[in-house]
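J.:
Residue numbers (my numbering): 63 to 544.
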């Protein structure tokens with residue numbers, strides 16, 4: 063990694079949440095004030111993807127000091143430049159304070175929300191690079207895994223490495239990724255396809271969107287490695303149209319990767335060809351299901367079909383197809399760089415690595431979280447999330463999206479892994495985590511999610527089309543006091 067030539071770098075969060083809260087205005091104000099102060103050769107502004115602490119947006123981190131500023135507006139910038147950048151005096155009133163009256167916490171590493179996370183894999187680049195600049199990704203070991211694969215590994219060796227790591231699909235089902243790749247590689251035929259499922263439709267979920275916005279090259283690199291492993295030469299990133307910033311940054315990253323020789327024909331002189339196309343979905347929840355997603359890519363109405371045959375046997379346009387979600391692909395480069403044994407040491411016996419969650423609802427610290435598998439719900443909700451606002455009692459946390467379940471306070475010490483959540487009556491899902499307090503009515507919660515599934519149903523199967531409607535009517539009668 064090259065040393066930085068600037069005395070100060072201001073990393074401003076430009077994920078969707080911060081952008082909606084005028085982060086671009088804050089960034090422009092920093093550039094203007096730096097110019098006024100004559101610091102253009104000593105300080106620079108970098109727009110990053112999501113930095114995770116959404117509840118405190120807009121955010122800025124001043125490096126190398128590690129000072130974390132939050133809830134910034136244009137008016138704050140001149141004072142930060144004049145005092146912090148010129149006089150090395152952090153401006154206290156813009157620092158993080160957990161509750162009014164508490165002592166400010168200047169450094170990001172000392173804030174509980176960040177301190178109790180482990181940003182070692184998927185979010186390892188969070189808050190430190192410009193997602194629209196491939197040089198920033200390369201600076202932090204980007205595309206080293208791809209170079210390793212194409213220069214010294216056979217396709218079966220790549221698959222064996224992923225299998226040995228224990229990586230499981232992060233999209234919900236938790237199927238072993240290496241096994242899926244192996245099945246697709248063994249499938250007959252010269253034409254195979256590879257898909258990144260970025261159709262994130264669960265209420266309260268924004269993990270995949272944030273990764274695509276903040277570190278698109280990690281997903282692209284993972285896809286290229288996967289394509290080499292299974293023998294695919296064309297891939298698709300399917301992402302919903304409601305994610306315009308993610309779509310923009312992915313498209314920029316694809317152009318940059320091709321210019322640098324990481325995509326296209328004869329990648330890095332290896333003789334391997336692979337291209338990626340972005341397809342935008344119309345926002346149908348059902349298109350997050352892999353067979354419906356493939357129908358949508360083909361230009362048809364997105365409706366699931368029965369399985370078998372599975373996509374690895376007969377998928378897109380009838381050809382063997384491998385589908386993994388955004389987070390799964392983003393794990394791949396780290397596994398190849400650091401080795402399967404390194405990855406397998408993280409997590410639990412059957413749930414390896416880390417998992418990212420969108421932590422929302424009745425929680426003090428809303429945001430994006432990465433923790434090792436096996437971390438307890440209590441650690442996430444109280445240590446990272448800061449507990450329940452207003453000192454109210456925790457009632458339940460909903461995991462796994464509309465198909466998941468609600469875990470009550472008796473389950474607070476439950477480890478977060480595939481098997482534990484399933485035994486408790488919920489599921490991992492893609493990683494949405496919605497917290498509820500003592501005032502939450504669980505009947506209303508059940509009604510909300512059933513209404514959602516009813517509205518999003520494709521209507522193909524009677525148990526869903528008719529059964530869900532009847533359950534909604536029952537709950538509506540209960541809510542009405544009948």
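Yeah, the Cβ is synthetic: ideal placement off N, Cα and C, and Gly gets one too.
Note that the structure is predicted; figures quoted are calculated from it, not measured.
Assuming residue 353 and residue 366 form a contact by the criterion Cβ under 8 Å, report the distance between their Cβ atoms to the nearest whole angstrom.
T.: Locating residue 353 in the chain shown gives position 291, counting from the first residue. Locating residue 366 in the chain shown gives position 304, counting from the first residue. Indeed, because the Cβ distance is near 5 Å, the residues count as touching under 8 Å.
J.: Strictly by DSSP, which residues pair up with residue 300?
T.: To locate residue 300, count along the chain shown from 1; it is residue 238. Its beta-bridge partners are 259 and 341.
J.: By DSSP's criteria, residue 420 is part of a beta bridge. Which residues make up the other side?
T.: Start at 1 with the first residue of the chain shown, and residue 420 comes out as number 358. 430 and 494.
J.: Evaluate contact between the stretch 387-397 and the stretch 361-379, counting only Cβ atoms and requiring at least three cross-stretch pairs below 8 Å.
T.: Remark: fewer than three beta-carbon pairs, one from each stretch, lie closer than 8 Å, so the stretch 387-397 and the stretch 361-379 are not flagged as touching.
J.: How should residue 243 be labelled, buried or exposed, when 16 other C-beta atoms within 10 angstroms of its C-beta is the threshold for buried?
T.: As a first step, residue 243 must be located in the chain shown, where it is residue number 181. Label assigned to residue 243: buried.
J.: Note the first and the last residue of the continuous alpha helix (DSSP H) segment covering residue 461.
T.: Taking the chain shown and counting its residues from 1, one reaches residue 461 at position 399. It is not in any alpha helix (DSSP H) - residue 461 instead sits in the beta strand (DSSP E) that spans 456-461.
J.: What is the residue span of the beta strand (DSSP E) that residue 73 lies within?
T.: As a position in the chain shown, residue 73 is number 11, starting the count at 1. 70-75 is the span of the beta strand (DSSP E), which, as asked, contains residue 73.
J.: State whether the stretch 107-119 contacts the stretch 145-157, with contact taken as three or more CB pairs (one from each stretch) at a distance under 8 Å.
T.: no
J.: What does the alpha-carbon distance come out to for the pair residue 80 and residue 438?
T.: Within the chain shown, numbered from 1, the residue matching residue 80 stands at position 18. Within the chain shown, numbered from 1, the residue matching residue 438 stands at position 376. Taking the straight line joining both Cα atoms gives about 29 Å.
J.: Determine the extent of the alpha helix (DSSP H) in which residue 131 is found, giving its start and end residues.
T.: Here residue 131 is taken as the residue at index 69 of the chain shown, counted from 1. Here residue 131 belongs to no alpha helix (DSSP H); instead the beta strand (DSSP E) covers 129-132.
J.: Secondary structure at residue 178, three-state DSSP: helix, strand or coil?
T.: Within the chain shown, the letter at position 116 stands for residue 178. Coil, per DSSP.
J.: For residue 175, which residues from the same chain have a beta carbon less than 6 Å from its beta carbon, with the 5 sequence-adjacent residues on both sides left out?
T.: Sequence index remark: in the chain shown, residue 175 carries index 113 (1-based). These residues qualify, in order along the chain: 115, 427 and 446.
J.: Are residue 109 and residue 147 closer than 9 Å when you measure CB to CB?
T.: Translated into the one-based positions of the chain shown, residue 109 becomes position 47. Translated into the one-based positions of the chain shown, residue 147 becomes position 85. Not a contact, by the Cβ cut-off of 9 Å.
J.: If you pair each beta-carbon of the stretch 400-409 with each one of the stretch 278-290, do three or more pairs fall below 8 Å?
T.: Taking 8 Å as the limit for Cβ pairs, the verdict is that the stretch 278-290 does not touch the stretch 400-409.
J.: At 4 residues or longer, what runs of the alpha helix (DSSP H) sit wholly inside the stretch 90-177?
T.: 136-141 and 174-177
J.: Where does the unbroken beta strand (DSSP E) through residue 502 begin, and where does it stop?
T.: Sequence index remark: in the chain shown, residue 502 carries index 440 (1-based). First-last for residue 502: undefined, no H or E at that position.
J.: Please report the straight-line C-alpha distance between residue 360 and residue 455, rounded to a whole angstrom.
T.: The sequence position of residue 360 within the chain shown is 298, counting from 1. The sequence position of residue 455 within the chain shown is 393, counting from 1. For residue 360 and residue 455, the distance between alpha carbons rounds to 49 Å.
J.: Leaving out the 5 sequence neighbours to the left and right, which residues in its chain are closer than 7 Å to residue 141 when beta-carbon positions are compared?
T.: One-based indexing of the chain shown puts residue 141 at position 79. Excluding positions up to five away in sequence, the list reads 153.
J.: What does a CB cutoff of less than 6 Å around residue 295 pick up in its chain, not counting 5 residues either side in sequence?
T.: In the chain shown, counting from the first residue as 1, residue 295 sits at position 233. Result list for residue 295: 335 and 336, in chain order.
J.: Taking only the alpha-carbon atoms, compute the straight-line gap between residue 297 and residue 275 and give it to the nearest angstrom.
T.: Within the chain shown, residue 297 is the residue found at index 235, counting from 1. Within the chain shown, residue 275 is the residue found at index 213, counting from 1. Answer to the nearest angstrom: the Cα atoms are 19 Å apart.
J.: Quick check: the stretch 219-229 against the stretch 338-350, are there 3 or more CB pairs under 8 Å?
T.: no
J.: So residue 467 is in the beta strand (DSSP E); what residue range does that whole segment cover?
T.: If you number the chain shown from 1, residue 467 lands on position 405. Counting along the chain, residue 467 sits inside the beta strand (DSSP E) bounded by residues 467-470.
J.: Straight-line CA distance for residue 97 to residue 88?
T.: The residue you call residue 97 lines up with position 35 of the chain shown. The residue you call residue 88 lines up with position 26 of the chain shown. The straight-line gap from Cα to Cα measures roughly 14 Å.
J.: Verify whether the separation of the beta carbon atoms of residue 480 and residue 413 is less than 9 Å.
T.: What you label residue 480 is simply residue 418 of the chain shown in a count that begins at 1. What you label residue 413 is simply residue 351 of the chain shown in a count that begins at 1. Yes.
J.: Let me check one thing: in DSSP terms, what residues is residue 328 bridge-paired to?
T.: Numbered from 1 along the chain shown, position 266 holds the residue referred to as residue 328. The beta-bridge partner set that DSSP reports for residue 328 is empty.
J.: I'd like the list of long-range same chain contacts for residue 450, defined as Cβ closer than 6 Å, with 5 residues on each side in sequence excluded.
T.: Position 388 of the chain shown, counted from the first residue, corresponds to residue 450. Cβ neighbours of residue 450 beyond the five flanking positions: 424, 456 and 499.
J.: How close, in whole Å, do the beta carbons of residue 342 and residue 309 come, if the pair is a contact with beta carbons under 8 Å?
T.: Locating residue 342 in the chain shown gives position 280, where the first residue counts as 1. Locating residue 309 in the chain shown gives position 247, where the first residue counts as 1. Going by Cβ atoms, the distance from residue 342 to residue 309 rounds to 6 Å, so yes, they are a contact pair.
J.: Please check the pair residue 260 and residue 301, which I expect to be a contact at CB under 8 Å, by giving their CB distance rounded to whole angstroms.
T.: Locating residue 260 in the chain shown gives position 198, where the first residue counts as 1. Locating residue 301 in the chain shown gives position 239, where the first residue counts as 1. 4 Å between Cβ atoms; contact.
J.: Which one or two residues does DSSP pair with residue 384 in a beta bridge?
T.: Indexing the chain shown from 1 puts residue 384 at position 322. DSSP lists 256 as partners of residue 384.
J.: Check whether the Cβ of residue 317 lies closer than 9 Å to any Cβ atom in chain C.
T.: Looking at the structure shown, chain C is missing, and only one protein chain is on hand.
J.: Count the other CB atoms, across all protein chains shown, that sit within 10 Å of the CB of residue 287; report buried if there are 16 or more and exposed otherwise.
T.: If you number the chain shown from 1, residue 287 lands on position 225. So residue 287 ends up on the buried side.
J.: Determine the burial state of residue 338: buried for a count of at least 16 other Cβ atoms within 10 Å of its Cβ, exposed for fewer.
T.: On the chain shown, position 276 is the one that residue 338 refers to. By the 10 Å Cβ count, residue 338 comes out buried.
J.: Please name the residue, chosen from 67, 464 and 459, that lies closest to residue 471 on a Cα-to-Cα basis.
T.: Sequence index remark: in the chain shown, residue 471 carries index 409 (1-based). If we check each option's Cα against that of residue 471, 459 comes out closest.
J.: Considering Cα atoms alone, identify which of 486, 77 and 157 is closest to residue 171.
T.: For this step, residue 171 is matched to residue 109 along the chain shown. Nearest option by C-alpha distance: 157.
J.: Which word fits residue 493, buried or exposed, when buried means at least 16 other C-beta atoms lie within 10 angstroms of its C-beta?
T.: Residue mapping note: residue 493 aligns to position 431 of the chain shown, counting from 1. Answer is buried; the Cβ neighbour count reaches 16.
J.: For residue 336, which beta-bridge partners are listed by DSSP?
T.: Counting from 1 along the chain shown, the entry for residue 336 is found at position 274. According to DSSP, which records beta bridges pairwise, residue 336 is partnered with 326.
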